[in-house]
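Chemist:
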Amino acid sequence: MSPKAQVQQSVGLESMDATPDGTEDGLTLHDLLAGPGEDPAARVCRATDWNDLLEGVSGKRRDLVYSLAEGRTGRETAGKLNVSAPRIVQLKRELASDIKDEWGEGIANEVGKKPSWMNGIIAEREKRAYRYEMKTV
Numbered sequence: 035m036s037p038k039a040q041v042q043q044s045v046g047l048e049s050m051d052a053t054p055d056g057t058e059d060g061l062t063l064h065d066l067l068a069g070p071g072e073d074p075a076a077r078v079c080r081a082t083d084w085n086d087l088l089e090g091v092s093g094k095r096r097d098l099v100y101s102l103a104e105g106r107t108g109r110e111t112a113g114k115l116n117v118s119a120p121r122i123v124q125l126k127r128e129l130a131s132d133i134k135d136e137w138g139e140g141i142a143n144e145v146g147k148k149p150s151w152m153n154g155i156i157a158e159r160e161k162r163a164y165r166y167e168m169k170t171v
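This is how it looks when you write it as structure tokens:
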């Protein structure tokens, strides 16, 4: 803290492991600040990566990416793009190859992982839930 803040005693330090006033469920400040949603910085980085990747992609392959991102099935996408279902499979394979070339072979595993910063939070929540269970038994 700055010297002025210390003299005025207008701010104070709180442990991130402290339980805020009025909460009874054992949530800590750290839990409250680490929201369950996605990190905005990660979202922006991913958007930048996708924009870079899609920069060289045009036509049906770009439309395929957007269609898949919207959650459409292969059959729906084929109808939308006016191509056959086997052609959609072919386009997906080509796109997967481009993605692997751009970001490496392990990209599929990487995007499926939970962020490592959440591991401690999840472990702490599980530990608290276990302790609560043991108290009620």
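Numbering (this note's numbering), first residue to last: 35 to 171. A virtual CB, placed ideally from N, CA and C, is assigned to each residue, including glycine.
#1: Suppose you measure from the CA of lysine 94 to the CA of alanine 103; what does that come to, to the nearest Å?
#2: Which value, in whole angstroms, describes the spacing of the CA atoms of serine 36 and tryptophan 137?
#3: Distance check for tryptophan 151 and leucine 115, CA to CA, integer angstroms please.
#4: Leaving aside the five residues before and after tryptophan 84 along the sequence, list all residues of the same chain whose C-beta is less than 7 Å from its C-beta, in chain order.
#5: Beta-carbon within less than 7 Å of serine 34's beta-carbon, same chain only, minus the 5 sequence neighbours each way: which residues are those?
#6: Are valine 171 and leucine 129 close, meaning C-beta to C-beta below 8 Å?
#7: Alpha carbon to alpha carbon, what distance is there between aspartate 65 and glutamine 42?
#8: Are there 16 or more other CB atoms within 10 angstroms of the CB of serine 101, so buried, or fewer, so exposed?
#9: Run the CB neighbour count on threonine 62, radius 10 Å, all protein chains shown included, and call it buried at 16 or more, exposed below.
#10: Going by alpha carbons, who is nearest to proline 149 out of Lys38, Pro54, Arg165, Arg77?
#11: Under 8 Å by Cβ, that's how I've got arginine 96 and leucine 88 pegged, so tell me the actual separation to the nearest angstrom.
Modeler: If we stick to the structure as given:
#1: Note on geometry: alpha-carbon atoms of lysine 94 and alanine 103 lie some 14 Å from one another.
#2: Tryptophan 137 has its alpha-carbon roughly 44 Å from the corresponding atom of serine 36.
#3: Going from the Cα of leucine 115 to the Cα of tryptophan 151 covers about 40 Å.
#4: Cβ neighbours of tryptophan 84 beyond the five flanking positions: none.
#5: With the chain covering only 35 through 171, there is no way to say anything about residue 34.
#6: Pairing valine 171 with leucine 129 gives a Cβ-Cβ distance that is not under 8 Å.
#7: Between glutamine 42 and aspartate 65, the C-alpha separation is close to 29 Å.
#8: So serine 101 counts as buried.
#9: The C-beta of threonine 62 has 16 or more other C-beta atoms within 10 Å across all chains shown, which makes the residue buried.
#10: Looking at the Cα atoms, Arg77 is the closest of the given residues.
#11: Contact between arginine 96 and leucine 88 holds: their C-beta atoms lie close to 6 Å from each other, under 8 Å.
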